[in-house]
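Notes follow once the structure below has been shown.
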Amino acid sequence: MREKITEVMQKITFLEKDLDLQKHILRALPSGEEEQGREVLGTIADIKGKIDACRLEIKALDPDEYDRMIRFEGAAAAFKEAAEGREFVTVVDLNTHVECRIETVDGTAIDCLVKARDTSGEWLIMTVDGEVMTLAADQVPGEDA
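Numbering (full-length UniProt numbering), first residue to last: 1 to 145.
Here's what the structure looks like:
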């Protein structure tokens, strides 16, 4: 069952990349290309339908994994919203680094998926549990990355 869930999640990743490409194509269309725009919109709708079908398949296979997926999607959206308009001087994530952890002045170690420090020294973090939090500069001792 785990293999099937992994396969469906990979399909979702592929479909999401295709969706991003179609959105880029739509934005790049010159004005006056209504017919082509309608075709691209139709393709986007089809892709969204396929993604929804994949999500339902995961929900049927493993409701806990589905809930986890939804929780992380919500956390990613919350992180993106919290990051809006901020300038970051340091960004560490598990795609670019072996470890993503932050330690607070009270000795608490927080494992994260991503951490980003803004120009004021404040840290924005998404934990491995899908929680988004902010730590003030004085809560993190001499943390450079």
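Using N, Cα and C, we set each Cβ at its ideal position, and we do this for glycine too.
None of the values given here were measured: they were computed from a predicted structure.
Quiz prompt | Residue from 106, 90, 129 and 116 with nearest C-alpha to residue 65 | solution = In the sequence shown, the residue the question calls residue 65 occupies position 65. That would be 129, whose Cα lies nearest to the Cα of residue 65.
Self-check item: 9 Å Cβ cutoff met for residue 114 and residue 126
Solution: The residue given as residue 114 occupies position 114 in the sequence shown. The residue given as residue 126 occupies position 126 in the sequence shown. Yes, they are a contact pair.
Quiz item: Three-state secondary structure (DSSP) at residue 18?
Solution: Here the question's residue 18 lines up with position 18 in the sequence shown. In the structure shown, residue 18 sits in a helix (DSSP, three-state: H, G or I).
Quiz item: Shortest alpha-carbon distance to residue 122 belongs to which of 59, 87 and 108?
Solution: For this step, residue 122 is matched to residue 122 along the sequence shown. The shortest CA-to-CA distance from residue 122 to any of 59, 87 and 108 is the one to 87.
Quiz item: Which residues in the same chain have their Cβ closer than 7 Å to the Cβ of residue 119, if we skip the five residues on either side of it in sequence?
Solution: Within the sequence shown, residue 119 is the residue found at index 119, counting from 1. So the qualifying residues of the chain are 87 and 89.
Quiz item: If you run the structure through DSSP and keep just helix, strand and coil, what is residue 89?
Solution: Indexing the sequence shown from 1 puts residue 89 at position 89. Three-state DSSP puts residue 89 in a strand.
Quiz item: CB-CB under 6 Å to residue 116, same chain, minus the five flanking residues each way: which ones, in chain order?
Solution: Taking the first residue of the sequence shown as 1, we reach residue 116 at position 116. Cβ neighbours of residue 116 beyond the five flanking positions: 88, 91 and 124.
Quiz item: Do you know whose CA, among 22, 78, 58 and 82, lies nearest residue 48's CA?
Solution: To locate residue 48, count along the sequence shown from 1; it is residue 48. Checked all of 22, 78, 58 and 82; the closest Cα to residue 48 is 22.
Self-check item: alpha helix (DSSP H) segment containing residue 43, residue limits
Solution: The residue given as residue 43 occupies position 43 in the sequence shown. Per DSSP, residue 43 belongs to the alpha helix (DSSP H) from 34–61.
Exercise. Pull up the CB-CB distance for residue 131 and residue 75, whole angstroms please, since I reckon it's below 8 Å.
Key: As a first step, residue 131 must be located in the sequence shown, where it is residue number 131. As a first step, residue 75 must be located in the sequence shown, where it is residue number 75. 7 Å between Cβ atoms; contact.
Practice problem: To the nearest angstrom, report how far apart residue 33 and residue 8 are at their CA atoms. | Solution: Mapped onto the sequence shown, residue 33 falls at position 33. Mapped onto the sequence shown, residue 8 falls at position 8. Going by the C-alpha atoms only, they are around 35 Å apart.
Exercise. With DSSP as the reference, label residue 126 as helix, strand or coil.
Key: Taking the first residue of the sequence shown as position 1, residue 126 is located at position 126. Of the three classes helix, strand and coil, the one that applies to residue 126 here is strand, per DSSP.
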